[in-house]
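Q: Got a structure for you, questions after.
Residue numbers (my numbering): 3 to 169.
In structure tokens form, the structure reads like this:
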């Protein structure tokens, strides 16, 4: 019985992704850290913890986050942009040539780091904005995806951002 409840093992035959969605400072790092403790793969290189900011770690895949930031710049945006893209880029922004070129890089990173992982997780607050660009990637790689949406009181999130970033 104990073998059957393990996340890793012969009972998981697919490539399964846990996509953690949530705003910065909404306890997504806590969840990602806990998942890593039960052998969920988080990637090859993660952003290092920062004293006074997130001392136990961010649990964010460094190469994927960097790619997300670069993609956002090419879309004339950034992680804290409030404007909806549908008005400026059109409804099908996720199918543009710009996004497709970054999708190829993301596919390479997923294959490199998670190809043989029965269960892996991706945590990046930018995913809340970029998720439509990931749908074709998950389909192409035949990844079974489970979305975990983390919610925290918005006043607590803004208070934490104000403390951290002086917003």
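All residues carry an ideal CB built from backbone N, CA and C; glycine is no exception.
Rounded to whole angstroms, what's the CA-CA distance from residue 114 to residue 156? Just pull it up for me.
A: Reading the chain shown from its first residue, position 112 is the one you call residue 114. Reading the chain shown from its first residue, position 154 is the one you call residue 156. Roughly 36 Å separates the two Cα atoms.
Q: Whole-angstrom Cβ separation of residue 31 and residue 61, contact assumed at under 8 Å?
A: On the chain shown, position 29 is the one that residue 31 refers to. On the chain shown, position 59 is the one that residue 61 refers to. The Cβ separation is near 5 Å, so the contact holds.
Q: Mind the definition here: the segment 49-67 touches the segment 118-136 only if three or more C-beta pairs lie below 8 Å; say whether that holds.
A: At 8 Å Cβ cutoff, the stretches touch.
Q: Can you check whether the CB of residue 17 is closer than 8 Å to the CB of residue 146?
A: Translated into the one-based positions of the chain shown, residue 146 becomes position 144. Translated into the one-based positions of the chain shown, residue 17 becomes position 15. It is a contact, given that the beta carbons lie within the stated cut-off.
Q: From 50, 80, 22, pick the residue whose C-alpha is nearest to that of residue 42; which is it?
A: Taking the chain shown and counting its residues from 1, one reaches residue 42 at position 40. Per the Cα distances, 22.
Q: Any idea what DSSP makes of residue 165, helix, strand or coil?
A: Counting from 1 along the chain shown, the entry for residue 165 is found at position 163. Here residue 165 sits in helix by DSSP.
Q: Report the residue ranges of all beta strand (DSSP E) runs contained in full by the segment 15-67; include only those spanning at least 3 residues, in chain order.
A: The qualifying runs are 18-23.
Q: Go to residue 102, then tell me how far its beta strand (DSSP E) extends in each direction, as first and last residue.
A: In the chain shown, counting from the first residue as 1, residue 102 sits at position 100. First-last for residue 102: 99-116, but that is the alpha helix (DSSP H), not the beta strand (DSSP E).
Q: Which word fits residue 56, buried or exposed, when buried means at least 16 other C-beta atoms lie within 10 angstroms of its C-beta?
A: Your numbering for residue 56 matches position 54 in the chain shown. Residue 56 is buried by the Cβ-count criterion.
Q: According to DSSP, what are the bridge partners of residue 150?
A: Residue 150 sits at position 148 when you count from the first residue of the chain shown. DSSP output for residue 150 lists 22 as bridge partner(s).
Q: Hey, quick one: how far does the beta strand (DSSP E) through residue 122 stretch, first residue to last?
A: Taking the chain shown and counting its residues from 1, one reaches residue 122 at position 120. Unbroken beta strand (DSSP E) run through residue 122: 121-125.
Q: Once DSSP output is grouped into helix, strand and coil, what is the label at residue 92?
A: Taking the chain shown and counting its residues from 1, one reaches residue 92 at position 90. Note: residue 92 maps to coil in three-state DSSP.
Q: What distance in whole Å lies between the Cβ atoms of residue 26 and residue 48, which are believed to be in contact at a cut-off of 8 Å?
A: Here residue 48 refers to the residue found at position 46 when the chain shown is read from its first residue. Here residue 26 refers to the residue found at position 24 when the chain shown is read from its first residue. Their Cβ separation, rounded to whole angstroms, is 16 Å, which puts residue 48 and residue 26 out of contact at 8 Å.
Q: Grab the span of the alpha helix (DSSP H) containing residue 139 for me, first residue to last.
A: Here residue 139 refers to the residue found at position 137 of the chain shown. Per DSSP, residue 139 belongs to the alpha helix (DSSP H) from 129-142.
Q: By the 10 Å Cβ neighbour count, where 16 or more other Cβ atoms means buried, how is residue 24 classified, buried or exposed?
A: Residue numbering aside, residue 24 sits at position 22 when the chain shown is read from its first letter. Buried, because 16 or more other Cβ atoms sit within 10 Å of the Cβ of residue 24.
Q: Is residue 135 near residue 162, with beta carbons less than 8 Å apart?
A: Residue 135 sits at position 133 when you count from the first residue of the chain shown. Residue 162 sits at position 160 when you count from the first residue of the chain shown. Result no, Cβ atoms of residue 135 and residue 162 do not sit closer than 8 Å.
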